[in-house]
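Numbering (this note's numbering), first residue to last: 24 to 273.
The C-beta atom is built at its ideal place from N, Cα and C for all residues, glycine as well.
This structure is a prediction, so every number in the text was calculated from the model and none was measured.
Take a look at the structure set out below.
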Amino acid sequence: MERIKDNLNNNEKYENQHPELKKEDRFTSPASSLPLYELKMLQEYIHGENLQNLGSHLPHYKKQMMLLKFFKYKKNQLVEVFSRNGDEVIQTVGKVNIVGRNFVMLKTLFTRIWIPYHAIHSAKTPFGIPDLPGGHQHVIYDEELRRKLLTNFGDTVSSKEILKQQFFEESLDTNLKTWQGTRFAIYADKLMKGKVVKVLSEKIYIKSKKKQEISINKINYMKQGRFISFFQRLFSNPLKKKNGKMVRDY
Numbered sequence: 024m025e026r027i028k029d030n031l032n033n034n035e036k037y038e039n040q041h042p043e044l045k046k047e048d049r050f051t052s053p054a055s056s057l058p059l060y061e062l063k064m065l066q067e068y069i070h071g072e073n074l075q076n077l078g079s080h081l082p083h084y085k086k087q088m089m090l091l092k093f094f095k096y097k098k099n100q101l102v103e104v105f106s107r108n109g110d111e112v113i114q115t116v117g118k119v120n121i122v123g124r125n126f127v128m129l130k131t132l133f134t135r136i137w138i139p140y141h142a143i144h145s146a147k148t149p150f151g152i153p154d155l156p157g158g159h160q161h162v163i164y165d166e167e168l169r170r171k172l173l174t175n176f177g178d179t180v181s182s183k184e185i186l187k188q189q190f191f192e193e194s195l196d197t198n199l200k201t202w203q204g205t206r207f208a209i210y211a212d213k214l215m216k217g218k219v220v221k222v223l224s225e226k227i228y229i230k231s232k233k234k235q236e237i238s239i240n241k242i243n244y245m246k247q248g249r250f251i252s253f254f255q256r257l258f259s260n261p262l263k264k265k266n267g268k269m270v271r272d273y
């Protein structure tokens with residue numbers, strides 16, 4: 024009886040000391056003896072230090088890792104990016120839409136812009152824009168979506184762009200495959216304009232008056248009109264048969 028009383032007293036003491044850990048009618052174990060606000064700040068500091076240490080040991084990948092971290096933190100927020108195309112410096116202000124393994128895609132009201140990391144000189148939050156936390160970026164998982172992810176992960180993720188961005192870091196060539204049949208302005212030291220007709224792992228082919236081949240590693244900047252590309256994708260995607268019905272593959 025005394026042991027039971029001691030356990031009850033310990034439980035009451037634990038509840039009074041850690042009310043923030045209560046979840047429904049149960050309590051989770053604390054991750055640390057520190058208060059949660061202090062633990063959160065410490066974790067962010069540790070993650071930053073680990074990234075710096077990793078970058079110092081992998082100097083060739085440091086820029087890519089830092090930009091990847093920066094743009095993920097700024098997802099769906101405005102950023103100002105300075106990039107280079109030969110001797111030209113291009114200043115771009117847009118909202119971070121897609122954060123890839125080796126590129127970022129920004130959106131403005133009328134334009135989509137792809138910038139490979141190797142071409143980026145600097146990136147920051149525009150002056151006068153508040154530096155917001157990235158907590159609003161998370162996808163809300165309802166029970167139906169959770170079930171689909173557990174039972175049919177591949178088809179579920181590939182069918183929704185927001186889920187692909189959440190689970191995978193696309194490379195530039197992989198992302199461009201979804202934009203075949205649309206027109207781009209491509210900066211690869213010189214400016215070229217045309218419709219992307221084929222995308223390979225190292226090259227893309229565009230067609231204007233004649234067919235041209237461009238090495239993906241030489242691309243410094245790409246942009247296209249959002250509204251024009253919508254109709255180009257609409258009419259360039261073939262009809263596919265799903266569940267007995269003809270639907271467009273977007």
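Using a Cβ-Cβ cutoff of less than 6 Å, which residues in the same chain neighbour residue i once the five nearest sequence positions on both sides are dropped?
i      : result
LYS230 : GLY217, LYS218, VAL220
LYS85  : GLY78
ASP212 : GLY109
TYR140 : GLN87, LEU90, ASN125
VAL122 : PHE94, LYS95
ARG107 : ALA142, HIS144
Determine the extent of the alpha helix (DSSP H) in which residue i is found, giving its start and end residues.
i      : result
GLU192 : From DSSP, GLU192 is part of no alpha helix (DSSP H); its letter is neither H nor E.
ARG170 : 166-174
Out of the options, point me to the one whose CA is closest to residue i's CA.
i      : options                      : result
GLU225 : LYS86, LEU195, TYR210        : LEU195
LYS95  : LEU62, TRP202, ASN120        : ASN120
GLU193 : TYR84, ARG124, GLU72, VAL112 : ARG124
PHE14  : SER238, LYS147, PRO82, SER56 : Lying before the first or after the last residue shown, residue 14 is absent from the chain, which here runs from 24 to 273.
LEU223 : LEU57, VAL180, ASN240        : ASN240
THR205 : LEU62, ILE227, GLY71         : ILE227
ILE242 : ALA142, ARG169, LYS233       : ALA142
What three-state label does DSSP hand residue i in the structure shown?
i      : result
ASN73  : helix
ILE237 : strand
GLY204 : coil
LYS95  : helix
ASN108 : strand
THR134 : strand
GLU277 : As shown, the chain starts at 24 and ends at 273. That puts residue 277 outside it, with no answer to give.
LYS232 : coil
LEU262 : Caution applies to LEU262, whose pLDDT of 43 falls short of 50 and renders its modelled position unreliable; the value that the coordinates give is listed next. LEU262 falls in the strand class under three-state DSSP.
LYS183 : coil
GLY100 : First, the residue type needs correcting, since residue 100 is Gln and not Gly in the sequence shown. GLN100 falls in the coil class under three-state DSSP.
PRO153 : coil
LEU129 : strand
GLY78  : helix
GLY177 : helix
Given residue i, which residues of its chain have a CB within under 8 Å of its CB, disregarding the five upstream and five downstream residues?
i      : result
LYS92  : LEU74
ILE136 : THR115, GLY117, MET128, LEU129, LYS130, TYR244, MET245, LYS246
GLY158 : With a pLDDT of only 49 at GLY158, under the threshold of 50, the placement of this residue in the model should not be trusted; the figure read from the coordinates follows. Cβ neighbours of GLY158 beyond the five flanking positions: none.
ASN181 : Checking the sequence shown, residue 181 turns out to be Ser, not Asn. Closer than 8 Å at Cβ, skipping near neighbours: LYS187.
GLN235 : MET215, GLY217, TYR228, ILE229
ILE152 : GLN100, LEU101
Under the rule that 16 or more other beta-carbon atoms within 10 Å means buried, what is residue i, buried or exposed?
i      : result
PHE126 : buried
PRO58  : exposed
PHE207 : buried
PRO82  : exposed
VAL112 : exposed
ILE69  : exposed
TYR210 : buried
LYS97  : buried
So residue i is in the beta strand (DSSP E); what residue range does that whole segment cover?
i      : result
HIS144 : 143-147
LEU214 : 213-222
TYR140 : Element bounds for TYR140: n/a, residue is neither H nor E.
GLY248 : 244-248
Quick one: residues in its chain with C-beta nearer than 7 Å to the C-beta of residue i, no 5 flanking neighbours on either side, listed in chain order?
i      : result
LEU199 : VAL219, VAL222, ILE227
SER238 : GLU225, LYS226
LEU172 : THR179
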